[in-house]
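Data first, discussion second: the structure below is written as structure tokens.
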Amino acid sequence: MRKLTGLLCALAMTALLIAPAYGVGDRATGAILMDAESGRVLYEHDAHTPRLIASTTKLMTALVAVEQAGDLDEVVTIKGEWLGSEGSSIYLKAGEEITLRGLLYGLLLQSGNDAAMVIACHIAGSEAEFVALMNEKAAELGMKDSSFANPSGLDHEDHYSTPYDMALLARACLKNETVAEICATGSITIGTRTFVNHNKLLRRYEGCVGMKTGFTEKAGRTLVSAATRDGQTLICVTLNDGDDWNDHRKLLDYGFQTYPRQVLCRAEEVTGAVAVEGSLIPTMPVVTQAELGYPLKEGEKPVQEVELLPSASAPLPPGVQLGKIRWRLGGEVIAEMPLVSQSGAGLDVREPLSFWERIRALLGGQSA
964 MRKLTGLLCA
974 LAMTALLIAP
984 AYGVGDRATG
994 AILMDAESGR
1004 VLYEHDAHTP
1014 RLIASTTKLM
1024 TALVAVEQAG
1034 DLDEVVTIKG
1044 EWLGSEGSSI
1054 YLKAGEEITL
1064 RGLLYGLLLQ
1074 SGNDAAMVIA
1084 CHIAGSEAEF
1094 VALMNEKAAE
1104 LGMKDSSFAN
1114 PSGLDHEDHY
1124 STPYDMALLA
1134 RACLKNETVA
1144 EICATGSITI
1154 GTRTFVNHNK
1164 LLRRYEGCVG
1174 MKTGFTEKAG
1184 RTLVSAATRD
1194 GQTLICVTLN
1204 DGDDWNDHRK
1214 LLDYGFQTYP
1224 RQVLCRAEEV
1234 TGAVAVEGSL
1244 IPTMPVVTQA
1254 ELGYPLKEGE
1264 KPVQEVELLP
1274 SASAPLPPGV
1284 QLGKIRWRLG
1294 GEVIAEMPLV
1304 SQSGAGLDVR
1314 EPLSFWERIR
1324 ALLGGQSA
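Under my numbering, the first residue of the sequence shown carries the number 964, and numbering increases by one thereafter.
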């Protein structure tokens, strides 16, 4: 009886520990929590089933627009044929002039469907051509279960994604300084318009760096969020979740508490040495290129492996790849980085002498 009681207590404690994350499955149709730096999935619930994504689509619209545009401060003159999109709007008017940057703020903060259409037509000439760019970008990012049919997120049978794919998109947006900056903006006034970010987590969750909300009657509430603490950034995605604000808080808390970032290596950390031929310095230290972190829960200990070239030839400038370092967890490679010749290590190089140079050196030595 005591053993049974102890077992039940242990199970109850386990349930309490995982409840903050796994309880979200009762409300969200699909969800995922991902570490932005490594891409490690920390939690998922039906994360690979394609579903409607509503206005979280606009993350892709913004990313494609920023990458395709030459000057974000270029003034765009609104054409009448670009207007008429249903749904949320920033109330653009034909003949009005606004910068592309202003349109992007209206797109991501106010979720303007008219801004999405204007951006698409200005960048690519037509909505169809811009949608093609969106799908090309999705393929480039590895979003295998996604399809885009419009730049705003309006319901369409050919417009869908998954929590996992949207997390990949969020990672790319966070790496783009312009998109990341706009997503993290709480409010801004541009001309006569003031845009207020619909993402309440910016005001309700410590370290939130924004991303994008969405809603249609068919899609339900959709949300992509990201937050940073102690040098670690986590991405959370929920689709069709009626309690998304609370669920994102719980999932993010769960990730930061359970999978804190651990430093695998520091920048320019010496990990070995390679023999150098043709130099007065017999070996060259090899170093890591940058700091690398990975989210690890208690008890997880990655195994480090180093591969180095048997030798290298002088002259050998700094930054030349001489090997690689990788880490395994449970037998699987979780991270990898090139190892390079140490920065700032000068070599007193002795070039190999040619046949005639050796003869001249020998004769010169005899005459001396």
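Heads up, the beta-carbon is just placed ideally off N, CA and C, and yes, glycines get one too.
Which residue or residues does DSSP assign as beta-bridge partners of residue i?
{"i": "A1275", "result": "V1239"}
{"i": "E1270", "result": "K1287"}
{"i": "D998", "result": "L1197"}
{"i": "M1332", "result": "Residue 1332 lies beyond the residue range present for the chain, which begins at 964 and ends at 1331; the question has no answer from this structure."}
{"i": "S1304", "result": "V1249"}
{"i": "G1256", "result": "V1226"}
{"i": "V1039", "result": "I1061"}
{"i": "G1294", "result": "DSSP lists no partner for G1294."}
{"i": "H1008", "result": "A994"}
{"i": "L1202", "result": "G993"}
{"i": "E1299", "result": "R1289"}
{"i": "R1014", "result": "S1124"}
Using alpha carbons as the reference points, say which of the options lies closest to residue i.
{"i": "Y1123", "options": "C1136, A1143, V1094, T1141", "result": "V1094"}
{"i": "L1255", "options": "A1277, L1279, Y1127, P1301", "result": "P1301"}
{"i": "L1005", "options": "A1277, S1304, T1196, P1245", "result": "T1196"}
{"i": "L1271", "options": "E1261, L1259, M1247, G1293", "result": "M1247"}
{"i": "M1106", "options": "M1129, P1114, D1207", "result": "M1129"}
{"i": "V1237", "options": "V1250, L1227, C1228", "result": "V1250"}
{"i": "R1229", "options": "L1243, Y1257, Y1217", "result": "Y1257"}
{"i": "L1055", "options": "P1280, G1154, S1274", "result": "G1154"}
{"i": "G1033", "options": "T1141, P1281, T1157, G1286", "result": "T1141"}
{"i": "Q1252", "options": "L1035, A1147, G1286, L1259", "result": "G1286"}
{"i": "A1133", "options": "P1223, T1201, E1232", "result": "T1201"}
{"i": "V1239", "options": "H1011, K1213, Q1031, P1281", "result": "P1281"}
{"i": "N1098", "options": "V1027, L1165, G1050", "result": "V1027"}
{"i": "V1172", "options": "F1178, R1192, F1158", "result": "R1192"}
{"i": "Y1222", "options": "E1231, G1262, L1035, T1185", "result": "G1262"}
{"i": "W1274", "options": "G1241, G1293, V1296, D1206", "result": "A quick correction: the sequence has Ser, not Trp, at residue 1274. Ranking G1241, G1293, V1296, D1206 by Cα distance to S1274 puts G1241 first."}
{"i": "G1050", "options": "A1078, G1194, A1025, Q1031", "result": "A1078"}
{"i": "L1186", "options": "D1210, V1296, Q1225, S1001", "result": "D1210"}
{"i": "K1264", "options": "S1188, A1182, F1178, Q1225", "result": "Q1225"}
{"i": "G1183", "options": "P1245, G1205, G1194, M1174", "result": "G1205"}
{"i": "S1001", "options": "Q1305, G1194, F1158", "result": "G1194"}
{"i": "Q1031", "options": "G1088, S1188, G993", "result": "G1088"}
{"i": "A1025", "options": "M1174, R1156, G993", "result": "M1174"}
{"i": "P1245", "options": "L1279, E1232, E1231", "result": "L1279"}
{"i": "R1212", "options": "R1166, G1293, G1043, R1323", "result": "R1166"}
{"i": "A1292", "options": "E1007, T1157, Q1220, L1227", "result": "The sequence as given places Leu at residue 1292; Ala does not occur at that position. Taking only the C-alpha atoms, the option nearest L1292 is L1227."}
Is residue j closer than 8 Å to residue i when the C-beta atoms are compared?
{"i": "I1016", "j": "L1067", "result": "no"}
{"i": "I1041", "j": "G1058", "result": "yes"}
{"i": "M1023", "j": "W1045", "result": "no"}
{"i": "P1013", "j": "D1108", "result": "yes"}
{"i": "A1083", "j": "E1090", "result": "yes"}
{"i": "N1203", "j": "A999", "result": "no"}
{"i": "A1198", "j": "L1072", "result": "The identity of residue 1198 in the sequence shown is Ile, whereas the question assumes Ala. Not a contact, by the Cβ cut-off of 8 Å."}
{"i": "N1076", "j": "S1048", "result": "yes"}
{"i": "E1060", "j": "V1029", "result": "no"}
{"i": "K1260", "j": "W1208", "result": "no"}
{"i": "N1160", "j": "T1148", "result": "yes"}
{"i": "L1096", "j": "L1131", "result": "no"}
{"i": "A1143", "j": "G1170", "result": "no"}
{"i": "R1064", "j": "D1036", "result": "yes"}
{"i": "V1296", "j": "Q1284", "result": "no"}
For residue i and residue j, which I take to be in contact (beta-carbon distance under 8 Å), what is that distance rounded to the nearest angstrom?
{"i": "A1298", "j": "W1290", "result": "5 Å"}
{"i": "G1116", "j": "T1020", "result": "3 Å"}
{"i": "T1234", "j": "V1269", "result": "6 Å"}
{"i": "L996", "j": "G1218", "result": "5 Å"}
{"i": "A953", "j": "P1114", "result": "Because the chain spans 964 through 1331 in this model, residue 953 falls outside it and cannot be assessed."}
{"i": "S1074", "j": "S1018", "result": "5 Å"}
{"i": "Y1168", "j": "L1214", "result": "Actually they are not in contact, since the Cβ atoms of Y1168 and L1214 sit about 11 Å apart, beyond 8 Å."}
{"i": "D1121", "j": "A1135", "result": "That belief does not hold up - the Cβ atoms of D1121 and A1135 are roughly 22 Å apart, past 8 Å."}
Taking only beta-carbon atoms, is residue i less than 8 Å away from chain C?
{"i": "G1205", "result": "Annotation note: the requested chain C is absent from the structure, which comprises a single protein chain."}
Would you say residue i touches the ligand SAM, meaning its beta carbon is less than 7 Å from a heavy atom?
{"i": "I1061", "result": "Absence of the ligand SAM is noted for the structure shown, with no ligands found whatsoever."}
Starting from the N-terminal side, write out each stretch of the alpha helix (DSSP H) that is 4 residues or longer and does not extend beyond the stretch 1131–1200.
-> 1140–1146, 1164–1167
Go through the stretch 1054–1140 residue by residue and report every complete run of the alpha helix (DSSP H) that reaches 4 residues or more, in order.
-> 1063–1071, 1076–1087, 1090–1103, 1126–1138
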